[in-house]
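Position one of the sequence shown corresponds to residue 43 (the working numbering), numbered consecutively onward.
Note that the Cβ used here is the ideal one computed from N, Cα and C, for glycine as well.
Okay, so here's the structure we're looking at.
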Amino acid sequence: MKSILITGGAGFIGSHVVRCFVRKYPHLRIVNLDKLTYAGNLANLFDVEKEPNYEFIKADIVDAEAISEIFRQYQFDAVIHLAAESHVDRSISNPMEFIFTNIVGTVNLLNAAREIWQNPEGKRFYHISTDEVYGSLGETGLFLESTAYDPRSPYSASKASSDHLVRAYHHTYKLPVVISNCSNNYGSFQFPEKLIPLSINNIRQNKPIPIYGKGENIRDWLYVEDHASAIDLIFHEGKDGETYNIGGNNEWTNIHLIRALCRVMDKKLDRPTGDSEKLITFVKDRAGHDLRYAIDSSKLQKELGWQPSLQFEEGLEKTVEWYLSNESWMNNITSGEYQKYYDTQYNKR
Ligand code: NAD
Ligand code: DAU
């Protein structure tokens with residue numbers, strides 16, 4: 043049985059990728075390696091954790107020795123690397139965690155893969171990255187795979203650095219790598235520090251919705267299951283050494299997005315139209331706040347035939363419905379209860 047290592051599988055996107063692979067490929071052994079930082083939540087995988095082709099390892103990718111030992115033991119055939127510190131605001135207040143996990147952690151995985159893949163035939167190291175490495179756009183233009191890197195936050199600089207190192211290992215050591223850079227994801231199981239789940243959570247509790255600056259910054263939103271489907275496709279069909287941009291062709295200013303979200307929340311919570319919007323509160327802007335991200339994903343569409351499946355309105359409605367019908371998931375995070383899941387569900391086994 044081939045073994046695929048997925049790092050960061052207890053996080054938002056990682057949990058969708060793990061679920062997709064465990065269900066779709068019962069003949070593959072899917073090993074989820076995650077440190078379970080504040081962002082890791084094994085309850086995200088409650089519906090697949092008992093599948094016979096799924097296994098969880100609690101480990102820190104910054105610990106080089108532990109990572110090498112795990113690679114020697116498991117002899118992985120491929121790696122899909124999502125583990126990262128992912129929140130821009132946290133990178134502004136505490137950049138070092140981002141340097142350790144996103145840069146050193148990635149190099150540790152590259153070294154461990156290099157060590158066990160003496161013959162790289164049929165192997166694959168797939169590095170998941172972000173559109174933020176390309177910097178910030180003005181009012182026009184789109185990020186292409188050939189756009190020069192210009193990261194502007196500690197988070198994006200750490201991701202850009204890891205992308206460069208992955209490419210360097212391909213060129214120097216012929217490690218079989220592939221990279222994708224994706225735009226903003228939204229959907230179920232997203233940690234409520236990010237704009238959409240944070241706003242849903244605040245609206246349901248009648249708390250202010252903090253909008254940075256004037257809310258004029260633009261992001262290109264993609265439904266997380268469409269990101270997972272792109273990852274599945276690139277993992278299986280992408281060419282070695284190539285980079286693929288993934289995006290929703292779906293740009294919104296933050297304020298327009300939040301107004302749309304408020305309308306959906308009013309409807310779902312049976313509140314008078316305009317009620318949730320009253321919670322919008324403009325707050326101090328994020329330091330160095332990038333104005334606009336927008337992805338050109340035509341390479342992925344033309345070469346591999348990928349298409350996002352959901353229109354934004356439908357995706358947003360599904361997302362709101364999910365958070366409202368999974369209030370205990372959210373409450374377990376806000377109370378800190380979710381961090382006991384590993385001890386109660388896994389340590390007793
Ligand atoms: P997330 O913060 O929800 O999850 C990150 C996961 O990594 C968590 O489970 C955490 O416990 C784990 N982790 C963190 N440090 C670790 C370490 N040292 N060792 C092992 N595990 C560790 O992140 P996400 O939003 O799901 O993003 C996943 C990946 O996708 C990241 O690489 C991110 O840069 C990239 N990405 C995210 C988006 C987005 O919109 N969220 C868009 C494009 C790319
Ligand atoms: O573009 C891809 C990136 O998208 C990923 O690489 C990151 O991991 C992911 O976190 C996301 O980064 P952003 O900074 O764009 O996401 P966030 O949800 O933090 O913010 C979205 C926009 O909303 C951004 O312009 C900042 C703004 N914002 C955010 C928060 C948390 C607010 O106005 N208020 C808020 O409270």
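Residue i (DSSP reduced to helix, strand or coil)
i	result
Asp173	helix
Glu258	coil
Lys233	The amino acid occupying residue 233 in the given sequence is Phe; Lys does not appear at that position. Coil.
Leu75	strand
His213	helix
Thr285	strand
Tyr191	coil
Leu184	coil
Val90	coil
Thr295	strand
Asn223	strand
Ser313	First, the amino acid is wrong: residue 313 is Arg here, not Ser. Note: Arg313 maps to coil in three-state DSSP.
Tyr384	helix
Ile103	coil
Tyr197	helix
Tyr168	strand
Pro218	coil
Pro239	helix
Tyr80	coil
Ligand 1 heavy atom lying under 7 Å from the CB of residue i
i	result
Gly50	yes
Phe167	no
Ile221	no
Glu127	yes
Asp102	yes
Leu124	yes
Asn368	no
Ile55	yes
Phe233	yes
Cys224	yes
Lys201	yes
Asn227	yes
Close beta carbons around residue i, own chain, < 8 Å, minus the five adjacent residues each side
i	result
Asp338	Leu184, Phe185, Leu186, Asn287, Gly289
Ala85	Trp371, Asn374, Tyr380, Tyr383
Pro314	Asp308
Glu91	Leu84, Phe98, Gln387
Range covered by the beta strand (DSSP E) that runs through residue i
i	result
His123	120–123
Phe54	Counting along the chain, Phe54 falls outside any beta strand (DSSP E), though it belongs to the alpha helix (DSSP H) covering 54–66.
Val130	Where Val130 is concerned, there is no enclosing beta strand (DSSP E), although the alpha helix (DSSP H) it sits in stretches over 130–135.
Glu97	96–100
beta-carbon residue i near ligand 2 non-hydrogen atom, thresh 7 Å
i	result
Thr172	yes
Tyr335	yes
Pro196	no
Glu181	no
Leu237	yes
Leu78	no
Ile141	no
Tyr254	yes
Arg296	Here the sequence assigns Asn to residue 296, which means Arg is not the residue at that position. Asn296 Cβ: within cutoff of ligand 2.
Val130	yes
Leu240	yes
Cut-off 7 Å between Cβ atoms - residues of its own chain near residue i, not counting five sequence neighbours on either side
i	result
Pro250	Asn244, Leu321, Thr323
Asp192	Tyr176, Gly177
Arg301	Glu319
Residue i beta carbon near ligand 4 (any heavy atom closer than 7 Å)
i	result
Ala81	No copy of ligand 4 appears in this structure; the ligands present are ligand 1 and ligand 2.
Residue i: first and last residue of the uninterrupted alpha helix (DSSP H) it sits in
i	result
Leu47	From DSSP, Leu47 is part of no alpha helix (DSSP H) but of the beta strand (DSSP E) over 44–49.
Asn150	148–158
Glu267	266–279
Sequence-distant residues of the same chain with beta carbon closer than 6 Å to residue i, five excluded per side
i	result
Ala272	Ile288, Trp348
Legend entry - 3 or more residues per run - each beta strand (DSSP E) lying fully within the region 321–378: 322–325
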